[in-house]
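For reference, the structure is listed below as structure tokens.
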Amino acid sequence: MQWLAKAPSNIALIKYMGKQNSDHNIAANPSLSYTLNHLQSTVTLEHSHEQRDKWLPLCEQNNQLTLSPAAEKRFLQHLHWLKQQFNFSGSFIVRSANNFPLGCGLASSAASFAALTKCTALALTDLTAKPYPSILQQATWSRQGSGSSCRSFFDGFVLWDNDNIQTIDTPYTNLIHKAIVISQEEKLVSSTDAHLRVCSSPHYAMRAQRANLRLQALLQVLQNQDWAKAYRICWEEFHDMHNLFTTAAQPFHYITAETQHVLTLLEKLWEIEQDGPIVTMDAGPNIHLLYRCSQQALADHFQQKYLDGRYHVI
Ligand code: PMV
Numbered sequence: 016m017q018w019l020a021k022a023p024s025n026i027a028l029i030k031y032m033g034k035q036n037s038d039h040n041i042a043a044n045p046s047l048s049y050t051l052n053h054l055q056s057t058v059t060l061e062h063s064h065e066q067r068d069k070w071l072p073l074c075e076q077n078n079q080l081t082l083s084p085a086a087e088k089r090f091l092q093h094l095h096w097l098k099q100q101f102n103f104s105g106s107f108i109v110r111s112a113n114n115f116p117l118g119c120g121l122a123s124s125a126a127s128f129a130a131l132t133k134c135t136a137l138a139l140t141d142l143t144a145k146p147y148p149s150i151l152q153q154a155t156w157s158r159q160g161s162g163s164s165c166r167s168f169f170d171g172f173v174l175w176d177n178d179n180i181q182t183i184d185t186p187y188t189n190l191i192h193k194a195i196v197i198s199q200e201e202k203l204v205s206s207t208d209a210h211l212r213v214c215s216s217p218h219y220a221m222r223a224q225r226a227n228l229r230l231q232a233l234l235q236v237l238q239n240q241d242w243a244k245a246y247r248i249c250w251e252e253f254h255d256m257h258n259l260f261t262t263a264a265q266p267f268h269y270i271t272a273e274t275q276h277v278l279t280l281l282e283k284l285w286e287i288e289q290d291g292p293i294v295t296m297d298a299g300p301n302i303h304l305l306y307r308c309s310q311q312a313l314a315d316h317f318q319q320k321y322l323d324g325r326y327h328v329i
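My numbering puts the first residue of the sequence shown at 16, with every later residue one more than the last.
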């Protein structure tokens, strides 16, 4: 028997960084993301008679996924934990793939853990005859494997605040997402490690307070359709997270000269046009842009003038 599920990635505008409780992935602060429906992971599960679960790449669209031994272990541990929720002791062959190119630094764990959780819920509902879990239940389970993955169960702007995970309605729908790939290198510091390391930064003590204030301000300006203010809040917010990285006791950094060059181009675009995309960065050197759907011409113009031929844009 075989089961299949797909889940999208998401990009945080107010970042989840730091945990209150590592055992249950309770975030130190609420986060707000936008779901990226064009960046998807697919997971299949095949019931197996082996003693142990096994991971294999799913050969799809010529993008063969490779997982480091540590990433594979984390993925299979989450499958094991999900099976415990259903008191299921059988084994699976789990296969996974992303629909976006490999090694582009966007292989967010959010999409893959959400797809694994969805697929396991389908398989174990069939195999144990237990009731199919609600989407909120699945999102809460997924959070155990990767905190940010819980937001991938919902569409549009998604708020994750402790046990509450929900779509937030705003006047902005169908945003255009572009990721500028500055570097394809694998992250040096895993997100699990980053959540721990940031706690040693002198700026960490007030971090939750800053994130909360920005969240409230961002929700308000999105409702008021004040796009320029939303851009400024998101700009401060990703710099805040990257500042925690560089001021940790074991510092690490992702903003390269190349990243800075593109960030400066984006600042200039805003200065000239008095308009532009919301700009954010995840824990990596790549830059995410969110444009309103009415800004398609501006998005095309910026890409043709400054990005095409220089950077891979997804
Ligand atoms: O879900 P994790 O544990 O991989 O952490 C992700 C943290 C960030 O991507 C850096 C921020 C976020 O809120 O997605």
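Each residue gets a CB set at the ideal place from its N, CA and C atoms; glycine is no exception.
DSSP three-state assignment for residue i, whether helix, strand or coil
{"i": "Tyr326", "result": "coil"}
{"i": "Asp184", "result": "coil"}
{"i": "Phe103", "result": "coil"}
{"i": "Val204", "result": "coil"}
{"i": "Tyr321", "result": "helix"}
{"i": "Leu71", "result": "strand"}
{"i": "Pro23", "result": "strand"}
{"i": "Asn40", "result": "coil"}
{"i": "Leu80", "result": "coil"}
{"i": "Leu28", "result": "strand"}
{"i": "Gln265", "result": "coil"}
{"i": "Gln66", "result": "coil"}
{"i": "Gln92", "result": "helix"}
{"i": "Gln310", "result": "helix"}
Endpoints, alpha helix (DSSP H) assigned at residue i
{"i": "Val277", "result": "272-288"}
{"i": "Ile248", "result": "242-261"}
{"i": "Asn301", "result": "Premise fails: Asn301 is in no alpha helix (DSSP H) and is neither H nor E."}
{"i": "Phe128", "result": "124-143"}
{"i": "Leu151", "result": "150-160"}
{"i": "Leu414", "result": "In the structure as shown, the chain begins at 16 and stops at 329. Residue 414 is therefore absent and cannot be evaluated."}
C-alpha distance - residue i paired with residue j, whole-angstrom precision
{"i": "Pro146", "j": "Gln275", "result": "50 Å"}
{"i": "Arg225", "j": "Asp176", "result": "15 Å"}
{"i": "Leu139", "j": "Lys98", "result": "8 Å"}
{"i": "Gly160", "j": "Asn25", "result": "15 Å"}
{"i": "Asn227", "j": "Ile302", "result": "23 Å"}
{"i": "Gly324", "j": "His95", "result": "44 Å"}
{"i": "Cys165", "j": "Phe260", "result": "23 Å"}
{"i": "Ser205", "j": "His62", "result": "30 Å"}
{"i": "Trp70", "j": "Leu82", "result": "9 Å"}
{"i": "Val109", "j": "His257", "result": "34 Å"}
{"i": "Leu91", "j": "Asp68", "result": "7 Å"}
{"i": "Asp141", "j": "Cys308", "result": "41 Å"}
{"i": "Gln238", "j": "Glu65", "result": "53 Å"}
{"i": "Asn36", "j": "His210", "result": "11 Å"}
{"i": "Gly171", "j": "Leu305", "result": "12 Å"}
{"i": "Arg229", "j": "Gln17", "result": "44 Å"}
{"i": "Ala85", "j": "Glu288", "result": "45 Å"}
{"i": "Arg212", "j": "Lys30", "result": "15 Å"}
{"i": "Gln318", "j": "Asp290", "result": "15 Å"}
{"i": "Ala27", "j": "His93", "result": "22 Å"}
{"i": "Gln153", "j": "Met296", "result": "27 Å"}
{"i": "Leu60", "j": "Ala112", "result": "12 Å"}
{"i": "Leu233", "j": "Ala220", "result": "22 Å"}
{"i": "Ala263", "j": "Ala42", "result": "18 Å"}
{"i": "Glu201", "j": "Thr207", "result": "15 Å"}
Residue i beta carbon near the ligand PMV (any heavy atom closer than 6 Å)
{"i": "Tyr31", "result": "yes"}
{"i": "Asp297", "result": "yes"}
{"i": "Ala27", "result": "yes"}
{"i": "Ser206", "result": "yes"}
{"i": "Ser111", "result": "no"}
{"i": "Gly105", "result": "no"}
{"i": "Ser309", "result": "no"}
{"i": "Gly162", "result": "yes"}
{"i": "Ser124", "result": "yes"}
{"i": "Ser46", "result": "yes"}
Endpoints, the beta strand (DSSP E) within which residue i is located
{"i": "Arg110", "result": "106-113"}
{"i": "Leu54", "result": "46-63"}
{"i": "Thr295", "result": "293-296"}
{"i": "Lys193", "result": "191-196"}
{"i": "Phe172", "result": "172-176"}
Inter-residue CB distance, residue i and residue j (contact presumed, cutoff 8 Å)
{"i": "Thr143", "j": "Phe101", "result": "5 Å"}
{"i": "Ala20", "j": "Gln55", "result": "Incorrect: roughly 10 Å between the Cβ atoms, too far for contact."}
{"i": "Ala129", "j": "Ser167", "result": "4 Å"}
{"i": "Gly299", "j": "Tyr269", "result": "5 Å"}
{"i": "Lys193", "j": "Ala312", "result": "With 8 Å as the limit, Lys193 and Ala312 do not qualify as a contact, their Cβ atoms being about 14 Å apart."}
{"i": "Leu151", "j": "Ile180", "result": "6 Å"}
{"i": "Asn44", "j": "Arg158", "result": "That belief does not hold up - the Cβ atoms of Asn44 and Arg158 are roughly 14 Å apart, past 8 Å."}
{"i": "Ile183", "j": "Val277", "result": "With 8 Å as the limit, Ile183 and Val277 do not qualify as a contact, their Cβ atoms being about 29 Å apart."}
{"i": "Ala245", "j": "Ile293", "result": "6 Å"}
{"i": "Thr50", "j": "Val236", "result": "Not quite, the Cβ-Cβ distance comes to about 20 Å (not below 8 Å), so this is no contact."}
{"i": "Leu80", "j": "Ile329", "result": "Not quite, the Cβ-Cβ distance comes to about 16 Å (not below 8 Å), so this is no contact."}
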